[in-house]
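Undergrad: Structure below; questions to follow.
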Amino acid sequence: DTEVTQTPKHLVMGMTNKKSLKCEQHMGHRAMYWYKQKAKKPPELMFVYSYEKLSINESVPSRFSPECPNSSLLNLHLHALQPEDSALYLCASSLQGVGEKLFFGSGTQLSVL
Amino acid sequence: KQEVTQIPAALSVPEGENLVLNCSFTDSAIYNLQWFRQDPGKGLTSLLLIQSSQREQTSGRLNASLDKSSGRSTLYIAASQPGDSATYLCAVRKAAGNKLTFGGGTRVLVKP
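Chains as they are written, first to last, in our numbering: chain A, 17 to 129; chain B, 675 to 786.
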């Protein structure tokens, strides 16, 4: 299994909703990432987990809350988002450290109304 | 601060022509450089990873070169096909453990 699986593929939510994005990989990778990508722009790093511990937080607003329950799963909890948070949210993983080849999921297209 | 630039932003070629995609970076002290492909609304697919000690990497019709001293990498795609139409992004890592810095991408259209 060489895939990073993200659910849901599409999500529409209101500004008062609480939702979660999920990411799963079974490649034995110990580093997992969340990226945000706006249309026609490159991905921007949000968070990095290494061995289930948060190692990088790129000054992301607290309305985004990451969680890494185990080495295969990564969640992103969303609460009180703004319309400008609408974007493609990408999950990625790499074998151990952050210096290695990244494998990306297909992303969750999020629209905040 | 590392800056990564990809020029041109968009490229259109007829099928069968070779593609040459450019990536330049301002800080030559990089750990590695990675090329990705992205289809519209989809995630990124890793194409090639070049470590700082390497000059090039090859995979099938793809060849990527790296010249650290001049701050450049080039992705060559031989005998382009319509299925190669996508956005190609390069990303550099300054040191092991640091984040990737992405270029803005080159949007490629291969016309049948």
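Quick reminder that beta carbons are idealized off the backbone N, C-alpha and C, glycines included.
If you count every other CB in all the chains shown that lies within 10 Å of the CB of residue 704(B), and 16 or more means buried, which is it?
TA: Buried, because 16 or more other Cβ atoms sit within 10 Å of the Cβ of residue 704(B).
Undergrad: Inspect the beta-carbon positions of residue 109(A) and residue 62(A) and report whether they are closer than 8 Å.
TA: no
Undergrad: Mind the definition here: the region 675-688 of chain B touches the region 769-786 of chain B only if three or more C-beta pairs lie below 8 Å; say whether that holds.
TA: yes
Undergrad: Please state whether DSSP places residue 101(A) in a helix, a strand or coil.
TA: helix
Undergrad: Where DSSP assigns a beta bridge to residue 72(A), which residues make up the other side?
TA: 64(A)
Undergrad: Whose C-beta lies closer than 6 Å to the C-beta of residue 34(A) among residues of the same chain, with five residues either side of it excluded?
TA: Cβ neighbours of residue 34(A) within its own chain (closer than 6 Å, five residues either side excluded): 95.
Undergrad: What separation, rounded to the nearest whole angstrom, lies between the Cα atoms of residue 727(B) and residue 23(A)?
TA: 38 Å
Undergrad: Look up residue 758(B) in the DSSP assignment and say whether it is helix, strand or coil.
TA: Taken through DSSP and simplified to helix, strand or coil, residue 758(B) comes out as helix.
Undergrad: Report buried or exposed for residue 53(A), applying the criterion of at least 16 other Cβ atoms within 10 angstroms of its Cβ.
TA: A residue is called buried once 16 or more other Cβ atoms fall within 10 Å of its Cβ, and residue 53(A) is buried on that count.
Undergrad: What does a CB cutoff of less than 6 Å around residue 765(B) pick up in its chain, not counting 5 residues either side in sequence?
TA: 708, 774, 776
Undergrad: Round the Cβ separation of residue 45(A) and residue 92(A) to the nearest angstrom and send it over; I've been treating them as touching at under 8 Å.
TA: Actually they do not touch by this definition, with Cβ atoms about 17 Å apart.
Undergrad: Is the beta carbon of residue 106(A) less than 8 Å from the beta carbon of residue 51(A)?
TA: yes
Undergrad: Below 8 Å on C-beta distance, what does residue 716(B) contact in chain A?
TA: Against chain A, a Cβ distance below 8 Å from residue 716(B) picks out 122, 123.
Undergrad: Applying the criterion that 16 or more other CB atoms from any shown protein chain within 10 Å of the CB defines a buried residue, is residue 700(B) buried or exposed?
TA: exposed
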